[in-house]
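Worksheet for the structure shown next.
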Amino acid sequence: MSFSRGSRKIFDNIDLDIERGKLTAIMGPSGTGKTTLLKLIGGQLKPDTGTIHVDGENVHELSQPALYELRQRTMGMLFQSGALLTDLSVYENVAFPLREHTSLPASAIHHLVLLKLDVVGLRGARNLMPAELSGGMARRVALARAISLDPEMIMYDEPFTGQDPISMGVLVKLIYDLNKALGMTSVVVSHDVNETASISDYIYVISAGKVVQHGTPVEIEHSSSDWVQQFMGGLADGPVPFHFPASPLMDDLLGESSSGVMR
Amino acid sequence: MIAHWLQLLGHRTLSRFSRIGKGSLFLMQCLLCLPYPLKKPQLLVRQLYSVGVQTLLIIIVAGVFIGMVLALQSYIVLVDFGAEESISLMVSLSILRELGPVFTGLLFAGRAGSALTAEIGLMKSTEQLSGMEMMAVNPMKYVIAPRFLAGIISVPLLTLIFMAVAILGGFFVATEMLGIYEGVYWSQMQAKVDFYEDLVNGIIKSAVFGFVVVWIAVFEGHDCIPTSEGLGQATTRTVVHGSLAILGLDFILTALMFNV
Chain A
0 MSFSRGSRKI
10 FDNIDLDIER
20 GKLTAIMGPS
30 GTGKTTLLKL
40 IGGQLKPDTG
50 TIHVDGENVH
60 ELSQPALYEL
70 RQRTMGMLFQ
80 SGALLTDLSV
90 YENVAFPLRE
100 HTSLPASAIH
110 HLVLLKLDVV
120 GLRGARNLMP
130 AELSGGMARR
140 VALARAISLD
150 PEMIMYDEPF
160 TGQDPISMGV
170 LVKLIYDLNK
180 ALGMTSVVVS
190 HDVNETASIS
200 DYIYVISAGK
210 VVQHGTPVEI
220 EHSSSDWVQQ
230 FMGGLADGPV
240 PFHFPASPLM
250 DDLLGESSSG
260 VMR
Chain B
0 MIAHWLQLLG
10 HRTLSRFSRI
20 GKGSLFLMQC
30 LLCLPYPLKK
40 PQLLVRQLYS
50 VGVQTLLIII
60 VAGVFIGMVL
70 ALQSYIVLVD
80 FGAEESISLM
90 VSLSILRELG
100 PVFTGLLFAG
110 RAGSALTAEI
120 GLMKSTEQLS
130 GMEMMAVNPM
140 KYVIAPRFLA
150 GIISVPLLTL
160 IFMAVAILGG
170 FFVATEMLGI
180 YEGVYWSQMQ
190 AKVDFYEDLV
200 NGIIKSAVFG
210 FVVVWIAVFE
220 GHDCIPTSEG
230 LGQATTRTVV
240 HGSLAILGLD
250 FILTALMFNV
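Chains as they are written, first to last, in numbering that gives the first Met the number 0: chain A, 0 to 262; chain B, 0 to 259.
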């Protein structure tokens, strides 16, 4: 599959398999298009060439009602910002997909919402508004909402970014438990290497529009690629240089001072 | 140099046409989704409150003062001809035919139109619209259509209220400050103001203005660049384009309605 934004190629003929029931991580530096990839899988963006199949269906050949039916049946997504509806309370946010897509009686919706909120540990926060939640709590509520219809697959967009260690630990545990206990296919897009690698079954590392490396966490850890080693180890210098390309420092300094004298 | 200017002109013309096309497609989608808020009336009621009721105060205050000023100005002109008793005619015809629909439209664009754009734009930038799509809820149905319908319903009603309070404002100035007899004020209006030609035409104008302003507002919000700068530009465009559209359409509608 290839995808471009204007003249910039985001993905150049990449090929990924996400196994059912497994936790697959997609890692890469900022700006490599990881979130774009999730939007392509979800059918919010269309690839220039190639196809994306979810549960055997070509996402981009579906009509809008069929795509919505596929999303409802198979996909949940946790956005980086949480994407909670700001005019609804925590309770109403989690109840929202149930009210829209089911004809369950109010009592059944009430029980389901409380159960989903209990899974993420926020049953007690059900009456709060999104503005009253911390970033970590907002993501947990968004997670409860994403699983409210029990999708077969859930996509996490940078779930750990900007979280304190406790919130991060909670999210890591929740994502792992949801995958293992409920057997949900999970796709985690992240550049938080340690946290993501610790729970993943399989990892794709992408950079500059290509899949640089893929394999189990152990295989990635022992990769022979210098670039992958730098990325996984968080090293400041390596194939991705510390310095942005520039002329030698002395040239710049001497050039500036001489031009200062000239002035 | 000339080639560069021509290229720039061509590019801007093309992008303007492309935007008009995009806006038209958006309108089609929006119109197709309009029955949805009727099935979920609580969505419509919430938007009617936000778009209509919350604009009421500014409409009433503006209407009263415009009616009062109009009465004063009419008196200054008419008194020279000894025709000050026709003051109600000046006030009512100006308000019903022109100022009511136009001022309500402009105030609506400034208050509710900008708020609609900002709200939808912010929902876009905080990924709430994308979130809905991924929950298999069409934002056109859930977010855009209720706002669109609420705007179309609100503007003619607000215009009626504006007209009523402006005429009352004029009545207060004419009778309390300028000494016009109450009966003369109302009888002149009753004798010369035509229900269909003046009032209904004014309401038709306001319905057209409401439709166009709400269309511009929701489209700009939905289509904005999801950054603080993009949101600011979209809000400004709503007010500027909405106001200009009202003034331009007013000329066309007046020419058509009064067979000038």
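Where a beta carbon is used, it is the ideal one built from N, C-alpha and C, also for glycine.
> Name the chain B residues whose beta carbon is nearer than 8 Å to that of A:Ala-107?
Replying inline: Under the 8 Å cutoff, chain B gives no residues; its nearest Cβ is about 19 Å from A:Ala-107.
> What separation, rounded to the nearest whole angstrom, lies between the Cα atoms of A:Tyr-175 and A:Ser-6?
Replying inline: Spanning the two alpha carbons is a distance of roughly 38 Å.
>> B:Val-101 and B:Ile-245 - do their beta-carbons sit closer together than 9 Å?
In response: The Cβ atoms of B:Ile-245 and B:Val-101 lie closer than 9 Å to each other.
> How many angstroms separate the CA atom of B:Leu-13 from the CA atom of A:Gly-232?
Replying inline: Straight through space, the alpha carbons of A:Gly-232 and B:Leu-13 are spaced by roughly 49 Å.
> Does the pairing of the stretch 113-131 of chain B with the stretch 78-98 of chain B give three or more beta-carbon distances under 8 Å?
Replying inline: Touching, no.
> Using a C-beta to C-beta distance shorter than 9 Å, which residues of chain A count as neighbours of B:Ala-135?
Replying inline: Neighbours of B:Ala-135 on chain A, chain order: Leu-66, Tyr-67, Glu-68, Leu-69, Arg-70, Gln-71, Arg-72, Met-74, Pro-96, Glu-99, His-100, Leu-148.
> Can you find a C-beta in chain B that's less than 9 Å from the C-beta of A:Ser-133?
Replying inline: Chain B contact via Cβ: absent.
>> Output needed in chain order: residues of the stretch 13-39 of chain B with a Cβ under 7 Å from some Cβ in chain A.
In response: Cβ contacts with chain A come from no residue of the stretch 13-39 of chain B.
>> What are the residues in the stretch 36-66 of chain A lying within 7 Å of chain B by C-beta distance?
In response: Listed in sequence order: Gly-41, Gln-43.
>> Less than 9 Å between the beta carbons of A:Arg-4 and A:Thr-35, yes or no?
In response: Against a cut-off of 9 Å, the Cβ pair of A:Thr-35 and A:Arg-4 comes out as a contact.
>> I need the boundaries of the alpha helix (DSSP H) containing A:Arg-70, first residue and last residue.
In response: For A:Arg-70, the enclosing alpha helix (DSSP H) covers residues 63-73.
> What is the DSSP secondary structure of B:Tyr-180, counted as helix, strand or coil?
Replying inline: Reduced to three states, the DSSP call for B:Tyr-180 is coil.
>> Counting only Cβ pairs nearer than 7 Å, list the residues of chain B close to A:Leu-84.
In response: In chain order: Gln-127.
> Where does the unbroken beta strand (DSSP E) through A:Leu-214 begin, and where does it stop?
Replying inline: Residue 214 of chain A is actually Gly in this sequence, not Leu. DSSP places A:Gly-214 in the uninterrupted beta strand (DSSP E) bounded by 209-214.
> According to DSSP, what are the bridge partners of B:His-221?
Replying inline: For B:His-221, which the question treats as bridged, DSSP gives no partner whatsoever.
>> For A:Leu-263 and B:Leu-56, I'd like the C-alpha separation in whole angstroms.
In response: Here chain A covers residues 0 to 262 and nothing more, so residue 263 of chain A does not appear.
> Among B:Ala-117, B:Met-256, B:Ser-91, which has the Cα closest to the Cα of B:Ile-262?
Replying inline: The structure shown does not extend to residue 262 of chain B, since chain B is modelled only from 0 to 259, so the question has no answer here.
> Applying a beta-carbon distance threshold of less than 8 Å, which residues of chain A neighbour B:Glu-97?
Replying inline: Residues of chain A passing the Cβ test: none, with the nearest at roughly 37 Å.
>> Can you find the residues in the same chain that come closer than 8 Å, C-beta to C-beta, to A:His-52, ignoring five residues on each side of it along the sequence?
In response: Here the set comprises Val-58.
> Using a C-beta cutoff of 9 Å, does B:Gly-229 count as contacting chain A?
Replying inline: Judged by the 9 Å Cβ criterion, B:Gly-229 is not in contact with chain A.
> Name the chain B residues that come within less than 8 Å of A:Phe-2, Cβ to Cβ?
Replying inline: Going along chain B, no residue has its Cβ under 8 Å from A:Phe-2, so there is no contact; the nearest lies around 17 Å.
> What residues from chain A crowd round B:Gly-130, counting only those whose CB sits closer than 7 Å?
Replying inline: The contacting residues are Phe-78, Ala-82.
> Based on the DSSP output, what are the partners of B:Val-154 in its beta bridges?
Replying inline: DSSP, once it has assigned bridges, lists no residue as partnering B:Val-154.
>> Relative to the C-alpha of B:Ala-163, which candidate in B:Ala-206, B:Ile-58, B:Gln-28 has its C-alpha closest?
In response: Measuring from the Cα of B:Ala-163, the nearest candidate turns out to be B:Ile-58.
> For chain B, is any of its Cβ atoms less than 9 Å away from the one on A:Ala-264?
Replying inline: Past the edges of chain A, shown from 0 to 262, lies residue 264 of chain A, and the structure says nothing about it.
> Tell me which same chain residues have a C-beta within less than 8 Å of the C-beta of B:Ile-160, skipping the five on either side of it?
Replying inline: Hits under 8 Å: Leu-55, Ile-58, Ile-59, Gly-62.
>> I'd like to know whether the C-beta of B:Tyr-195 is nearer than 9 Å to at least one C-beta of chain E.
In response: Structure shown: chain E not included; protein chains present are A and B.
> Of all the beta strand (DSSP E) runs that stay within the bounds of the stretch 176-255 of chain A, which reach a length of 3 or more residues?
Replying inline: 184-189, 201-206, 209-214, all fully within the stretch 176-255 of chain A.
> Does the beta carbon of B:Met-122 sit closer than 9 Å to a beta carbon anywhere in chain A?
Replying inline: At least one C-beta of chain A is nearer than 9 Å to the C-beta of B:Met-122.
> By DSSP, does A:Met-128 sit in helix, in strand, or in coil?
Replying inline: In the three-state DSSP reduction, A:Met-128 falls in the coil class, being neither helix nor strand.
> Mapping DSSP to helix, strand and coil, what is A:Ser-6?
Replying inline: Residue state, collapsed to three classes: coil.
>> Per the DSSP calculation, A:His-52 is bridged to which residue(s)?
In response: Residue pairing of A:His-52 in beta bridges, as defined by DSSP: A:Asn-57.
> Between the Cα of B:Leu-121 and the Cα atoms of B:His-221, B:Gly-20, B:Met-256, which residue gives the shortest distance?
Replying inline: Of the candidates B:His-221, B:Gly-20, B:Met-256, the one whose C-alpha sits nearest the C-alpha of B:Leu-121 is B:His-221.
> Which one or two residues does DSSP pair with A:Leu-77 in a beta bridge?
Replying inline: As computed with DSSP, A:Leu-77 is found in a beta bridge with A:Tyr-155.
> With A:Leu-37 and A:Met-154 assumed to form a contact (beta carbons below 8 Å), what rounded beta-carbon distance in angstroms separates them?
Replying inline: Taking C-beta atoms under 8 Å as the contact rule, A:Leu-37 and A:Met-154 qualify, at a distance of about 5 Å.
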